[in-house]
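Read through the structure below, which is laid out as structure tokens, and then see the notes.
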Amino acid sequence: MEIIERLESEVRSYSRSFPVLFNKAKDAFLYDAEGNRYIDFFAGAGTLNYGHNNEYMKEKIIDYLRQDGIIHGLDMATTAKSVLLEKLEKIIFKPRNLDYKVQFTGSTGTNAVEAALKLSKMVKKRSNIISFTNGYHGLTMGSMSVTANAYYRDEAFINRSDVSFLPYDGYLGKSVNTASYLRRVLQDNSSGVDIPSAIILETVQGEGGIRVASDKWLQEIESICREFEILLIIDDIQVGNGRTGYFFSFEKSGIKPDIVTISKSFSGFGLPMSIVLFRRELDIWKPGQHTGTFRGNNLAFVTAAVALDYWRDDKFSREIFRKGKILYERLEAIKAKYPQLKAEVRGRGFIYGLAVSPAARAREISTECFQNKLIMELAGAKNHVIKFLAPLIITDEVLNEGLDILDYSIEKVLKKK
Ligand SMILES: Cc1ncc(COP(=O)(O)O)c(C=O)c1O
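Printed below as a string of structure tokens:
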């Protein structure tokens, strides 16, 4: 740890929340250099939905390496890429009646968001974008300009122009329909909100504190987009890839976004890869117009193709909902057991948050969980939401063991008061 603290920039973050040296991982477990086992309820911030070192994927890449398969391929055509695209079309697009083109961007999520914003502006020839309160879309300049949290938005350098923030579903309380408010400001050419090229949103705000948009709200946003000829971008970087029980988080609401950003768990194995999906007619890119060196992570193509096998039928999805129910019920029980926390359970599928009060208690609880060998991170503007993002493949036994740790960690924290 000493070299990390001395040499790595102050910008490091998770090594502060979990200050041990990790050196091994399998399924829902991480191990430190001393061999201690930790249950991972964070899963690389939603990157390891299929678990650490997923056995099927590991076997496939070992074979691929043995055969000297292409590792880096710029964006050249490779067998690994064509296999992935064929499976994406067959297993994901066709059954969902989606006719998307696929753009491979630079490898992190924010690269996909940048491309989506740029494409929207090119297509619509309008500069404005609408984003929502508590939205999180990454931290490069364009993505950061649509990210709401002030912690990241330094007055000195962020480009604040061309983005309007509107209230997300529930922001003004349950009784206020914020989609109606959006429609109203778009109808009024004196509202100060310009018609945007695109509206970007998460169906469940992850970093923003596990805020779930209702199906009705999403449907209304979609219809506003159609009415005003605005592109709808769903940022599915964190809650896509099965996190809500569906491959895409928007499936439940029945909406059809124009553009979708995908990253994190898409490669399945934790290898970096991001893609943007968009309606065929929107594909106005000129060759190489949005290029980059690392858009051909062929190892990630190999593992992503294996990950798609989980979606050949609805078995995996049903398992996610089944485990999600266990999780939800246990979180509700924890909430009832500790009324002092004034807790609120938020989420759907297999992404949940336990919002607690006062906010600082959330960090005390996650620190205590870590002492007890459970890894949980926080979300929300005040870091007051204990966030649950365990791998989707976790067994009932490990899930319950982790929740037991959460339960007695809370008890211990409250006893100290
Ligand atoms: C919804 C959403 N969009 C974009 C990003 C940015 O992804 P990355 O950190 O890989 O750049 C994140 C990261 O947490 C995210 O949750």
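Its first residue numbered 75, the sequence shown is counted upward by one per residue in my numbering. Note that CB positions come from ideal geometry on N, CA and C, so glycine has one too. None of the values given here were measured: they were computed from a predicted structure.
query: In the DSSP assignment, the beta strand (DSSP E) including G427 goes from what residue to what residue?; result: 425 to 429
query: Determine which residues share a DSSP beta bridge with S238 and list them.; result: I204
query: Roughly how many angstroms lie between the CA atoms of D149 and A189, to the nearest whole one?; result: 16 Å
query: According to the Cβ coordinates, are P270 and R200 closer than 8 Å?; result: yes
query: Along the beta strand (DSSP E) that carries G572, what are the first and last residues, could you check?; result: Here the chain has residues from 75 to 491 only, and residue 572 is not among them.
query: Spell out the partners DSSP gives T335 in its beta bridges.; result: D309, V350
query: Within the present structure, is the beta-carbon of E406 separated from the nearest heavy atom of ligand 1 by less than 7 Å?; result: no
query: In the DSSP assignment, what are the bridge partners of N37?; result: Outside the modelled stretch of the chain, which goes from 75 to 491, sits residue 37, for which no answer is possible.
query: With a cut-off of 8 Å on the beta carbons, I'd call I308 and F324 a contact; round off their distance for me.; result: 5 Å
query: Do you know how far the Cα of S91 is from the Cα of E82?; result: 15 Å
query: Identify, in the order they occur along the chain, each residue of the same chain with its Cβ nearer than 6 Å to the Cβ of A154, setting aside the five sequence neighbours on each side.; result: N372, F375, V376
query: Should G280 be counted as a contact of ligand 1 given a C-beta to heavy atom distance under 7 Å?; result: yes
query: Along the chain, where does the alpha helix (DSSP H) that runs through E451 open and close?; result: Note, E451: premise wrong, no alpha helix (DSSP H); beta strand (DSSP E) at 451 to 453.
query: To the nearest whole angstrom, what separates the beta carbons of G280 and A455, a pair I think is in contact under 8 Å?; result: Not quite, the Cβ-Cβ distance comes to about 13 Å (not below 8 Å), so this is no contact.
query: Under the three-state reduction of DSSP, which class applies to Y138: helix, strand or coil?; result: helix
query: Looking at V267 and S288, is the spacing between their C-beta atoms short of 8 Å?; result: no
query: So for F167, helix, strand or coil by DSSP?; result: helix
query: For D357, which of S337, T214, L193, D387 has the nearest alpha-carbon?; result: L193
query: From Q261 to G423, what distance separates their C-alpha atoms?; result: 35 Å
query: Return helix, strand or coil for N128, following the three-state DSSP convention.; result: coil
query: For Q445, report the span of its alpha helix (DSSP H) as first-last.; result: 434 to 445
query: Quick check: the stretch 200 to 214 against the stretch 238 to 253, are at least 3 beta-carbon pairs closer than 8 Å?; result: yes
query: Exposed or buried, what is D383 when buried is set at 16 or more other beta-carbons lying within 10 Å of its beta-carbon?; result: exposed
query: Taking DSSP's pairing of strands, which residues face R86 in a bridge?; result: According to DSSP, R86 bridges with nothing at all.
query: Taking the Cβ atom as the reference point for each residue, do K100 and H126 lie within a distance shorter than 8 Å?; result: yes
query: Determine, using beta-carbon pairs with one atom in the stretch 473 to 482 and one in the stretch 116 to 123, whether at least three such pairs fall under 8 Å.; result: no
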